[in-house]
Amino acid sequence: MQCNKKKRLMKQVERFRARFLQSIGTVLTDVISQQSLLQSVIEEVGLYRERIYGPLATLSLFIEQVLGADHSCQDAVARGLSVRVALGQSTCSLNTGPYCKARTRLPLSLLRRLAREVARRLCADQPAIWRWRGREVKLIDGTTVSMPDTRANQARFPQSGGQQPGLGFPLARLVAVVSLSTGAALEWAIDACKGKKTGETALLWRLLPTFTRGDIVIADSYYCGYFMIAGLIAQGVDILMPQHHLRLTDFRRGQRLGVRDHRVTWARPQRPDWMDEATYATMPESLTMREVRAAGRTLVTTLVDACTVTKPALAELYATRWQVELDLRAIKTVMQMDILRCKTPTMVEKEIAVHLLAYNLVRAVMAQAAAMHHALPRQLSFKTALQLLRAFEMNLRHEPQRCSMTRRAPLLAALAQRRLPHRPDRVEPRAVKRRPKQHWLLRKPRCVLRERLYRQQQLRERRA
Numbered sequence: 264m265q266c267n268k269k270k271r272l273m274k275q276v277e278r279f280r281a282r283f284l285q286s287i288g289t290v291l292t293d294v295i296s297q298q299s300l301l302q303s304v305i306e307e308v309g310l311y312r313e314r315i316y317g318p319l320a321t322l323s324l325f326i327e328q329v330l331g332a333d334h335s336c337q338d339a340v341a342r343g344l345s346v347r348v349a350l351g352q353s354t355c356s357l358n359t360g361p362y363c364k365a366r367t368r369l370p371l372s373l374l375r376r377l378a379r380e381v382a383r384r385l386c387a388d389q390p391a392i393w394r395w396r397g398r399e400v401k402l403i404d405g406t407t408v409s410m411p412d413t414r415a416n417q418a419r420f421p422q423s424g425g426q427q428p429g430l431g432f433p434l435a436r437l438v439a440v441v442s443l444s445t446g447a448a449l450e451w452a453i454d455a456c457k458g459k460k461t462g463e464t465a466l467l468w469r470l471l472p473t474f475t476r477g478d479i480v481i482a483d484s485y486y487c488g489y490f491m492i493a494g495l496i497a498q499g500v501d502i503l504m505p506q507h508h509l510r511l512t513d514f515r516r517g518q519r520l521g522v523r524d525h526r527v528t529w530a531r532p533q534r535p536d537w538m539d540e541a542t543y544a545t546m547p548e549s550l551t552m553r554e555v556r557a558a559g560r561t562l563v564t565t566l567v568d569a570c571t572v573t574k575p576a577l578a579e580l581y582a583t584r585w586q587v588e589l590d591l592r593a594i595k596t597v598m599q600m601d602i603l604r605c606k607t608p609t610m611v612e613k614e615i616a617v618h619l620l621a622y623n624l625v626r627a628v629m630a631q632a633a634a635m636h637h638a639l640p641r642q643l644s645f646k647t648a649l650q651l652l653r654a655f656e657m658n659l660r661h662e663p664q665r666c667s668m669t670r671r672a673p674l675l676a677a678l679a680q681r682r683l684p685h686r687p688d689r690v691e692p693r694a695v696k697r698r699p700k701q702h703w704l705l706r707k708p709r710c711v712l713r714e715r716l717y718r719q720q721q722l723r724e725r726r727a
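Counting in the numbering used here, the sequence shown tops out at residue 727, every number present.
In structure tokens, the structure reads:
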């Protein structure tokens with residue numbers, strides 16, 4: 264019995280990997296090997312009963328659900344039925360209940376582990392030419408997502424304080440660490456949008472142990488605080504951020520390195536209320552920083568050697584921070600993660616993790632296309648990659664053992680052809696041209712207004 268279960272699991276692993284073009288003979292190794300995927304499922308899920316929706320089958324449908332255009336559970340169940348018919352297996356019901364229960368059985372640790380494994384392997388096996396001067400650059404930014412207005416979601420992720428009860432939606436804050444070279448989401452942290460230690464800097468504090476010595480971190484001025492920079496330096500990384508608006512920059516002080524370019528020493532400020540005395544004692548008493556005025560902003564960095572890293576190089580490097588804005592837009596808009604569907608906090612975190620896992624798998628396909636056609640992953644379009652994967656889905660999903668390179672090469676070639684144009688210094692206003700429809704705003708809970716409409720309808724019927 265266990266032997267048959269393992270064989271079925273191995274076939275599911277092969278189909279899962281074939282869906283995202285694994286083992287195609289590129290310079291990249293498998294971003295998620297067969298043995299690693301099998302071991303992750305066994306270790307995280309443990310013993311499980313054989314069902315129609317097994318762990319890997321459920322995970323595959325969950326990923327296809329967030330990658331698809333429909334995003335409904337009914338569409339995922341229909342896909343599962345299509346797969347079973349194509350493989351010659353017995354049909355199953357179109358009831359979404361068993362599939363939804365199978366999603367709740369998926370461990371969150373499995374989803375996070377696979378997403379991180381794909382990102383880690385993708386960054387570890389990338390060609391050296393993709394990195395900035397041989398170093399891994401990591402981009403940091405935060406965003407928010409909304410979810411259904413249920414009592415459980417409101418308790419874990421309260422709505423905005425400016426909205427009345429029953430009129431808003433729960434909000435979750437997400438801080439992500441994204442690779443500049445590959446675009447993969449390396450790490451992330453989730454919490455509510457209000458309350459102590461729920462801000463973006465507090466979430467980044469949780470992610471500090473995940474940074475590797477030698478990394479370069481780029482973020483906006485919101486993260487440019489003394490203690491945050493000290494924590495990043497303690498991890499052995501360099502930083503590049505705009506100067507915080509509360510800190511004054513005087514280029515007449517410090518060691519002059521060039522025009523509006525100097526090296527200064529920051530003194531440790533007083534202990535903030537949120538930091539305990541033990542942590543404050545571990546903070547250095549001073550930091551040696553380089554401040555540069557370039558491209559209309561004052562940049563702060565730990566790359567203090569002006570001969571090795573010039574002022575134009577710093578300005579050009581910081582301009583790449585905009586990529587994380589585009590990556591989060593791709594996840595929220597193209598993959599439709601802006602408005603989540605799950606009604607419990609646990610499933611909300613799983614839904615976010617599956618979105619990021621699917622996003623990393625699409626990025627892996629883009630990296631394979633870039634490696635085969637001598638391009639950079641950032642030159643390729645994420646939306647085009649997602650469209651092609653949807654179009655080639657039937658060819659890639661079924662019978663993976665027969666999927667030869669001749670079957671996958673057209674997809675990678677088409678993806679490599681759609682390269683993004685070079686648009687330096689492009690700016691766009693943060694405004695929309697199309698006006699929304701003039702609907703009345705919901706100013707009372709929906710149940711109250713619905714009851715009022717029922718009473719009005721009954722009154723009209725009695726009068727008639």
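All C-beta atoms in this analysis are idealised placements derived from N, C-alpha and C, irrespective of residue type, glycine included.
Q: Would you be able to state if there are at least three C-beta pairs under 8 Å between the stretch 303 to 320 and the stretch 388 to 395?
A: With a cut-off of 8 Å on Cβ pairs, the stretch 388 to 395 is not in contact with the stretch 303 to 320, counting fewer than three such pairs.
**Q.** Alpha-carbon to alpha-carbon, LYS606 and PHE432
**A.** Answer to the nearest angstrom: the Cα atoms are 11 Å apart.
Q: Let me know the secondary structure DSSP gives GLU399 once reduced to three states.
A: Collapsing the DSSP output to three states places GLU399 in coil.
Q. If you check the beta carbons only, do GLN650 and LEU443 fall under 8 Å apart?
A. Taking 8 Å as the Cβ cut-off, GLN650 and LEU443 do not qualify as a contacting pair.
Q.
Pairs of beta-carbons, one from the stretch 341 to 361 and one from the stretch 316 to 328, closer than 8 Å: are there three or more?
A. In short, these stretches touch, since the Cβ pair count reaches three.
Q: Excluding the 5 residues preceding and the 5 following PHE279 in the sequence, name in chain order all residues of the same chain whose CB lies nearer than 8 Å to its CB.
A: So the list reads LEU300, LEU319, LEU322, SER323, once near-sequence residues are dropped.
(Q) Check this for me: beta carbons of THR528 and THR565, under 8 Å apart or not? (A) No; because the gap between Cβ atoms is not below 8 Å, this pair is not in contact.
Q: Determine the DSSP secondary structure at SER409, reduced to helix, strand or coil.
A: Secondary structure of SER409 (DSSP, three-state): strand.
Q. Under the rule that 16 or more other beta-carbon atoms within 10 Å means buried, what is GLU548, buried or exposed?
A. Its Cβ having fewer than 16 others within 10 Å, GLU548 is exposed.
Q: Would you kindly work out how many angstroms separate the C-alpha atoms of ARG628 and ALA648, rounded to a whole number?
A: The sequence given here places Val at residue 628; Arg does not occur at that position. Taking the straight line from one Cα to the other gives about 8 Å.
Q. Whose C-beta lies closer than 8 Å to the C-beta of LEU371 among residues of the same chain, with five residues either side of it excluded?
A. Hits under 8 Å: THR609, GLU612, LYS613, ALA616.
Q | Residue range of the unbroken alpha helix (DSSP H) whose run includes ILE496 | A | 489 to 497 is the extent of the alpha helix (DSSP H) around ILE496.
Q | For VAL408 and ALA452, believed in contact at Cβ under 8 Å, the rounded distance | A | Their Cβ separation, rounded to whole angstroms, is 13 Å, which puts ALA452 and VAL408 out of contact at 8 Å.
Q: With DSSP collapsed to three states, give me the class of SER299.
A: Here SER299 sits in helix by DSSP.
Q. If you drop the 5 nearest sequence neighbours on each side, which residues of the same chain put their C-beta closer than 7 Å to that of ALA734?
A. Absent from the model: residue 734. The displayed extent of the chain is 264 to 727, so no value can be given.
(Q) Can you look up TRP703 in the DSSP assignment and give me helix, strand or coil? (A) TRP703 falls in the coil class under three-state DSSP.
**Q.** Residue range of the alpha helix (DSSP H) that includes ARG366
**A.** Per DSSP, ARG366 belongs to the alpha helix (DSSP H) from 360 to 368.
Q.
Rounding to the nearest angstrom, what Cα-Cα distance links CYS386 and GLN427 in this structure?
A. The alpha-carbon atoms of CYS386 and GLN427 are separated by roughly 45 Å.
Q) Roughly how many angstroms separate the alpha carbons of ILE315 and VAL440, rounded to a whole number? A) Computed Cα separation, rounded: 36 Å.
Q: Return the first residue and the last residue of the beta strand (DSSP E) that GLN518 is part of.
A: Run containing GLN518: 518 to 521, per the beta strand (DSSP E) assignment.
Q: Determine the contact status of ALA632 and ARG682, defining contact as a CB-CB distance below 8 Å.
A: Cβ distance not < 8 Å, so ALA632 and ARG682 don't count as in contact.
(Q) Taking the alpha helix (DSSP H) that LEU434 belongs to, which residues open and close that run? (A) No alpha helix (DSSP H) contains LEU434, which is instead part of the beta strand (DSSP E) from 434 to 442.
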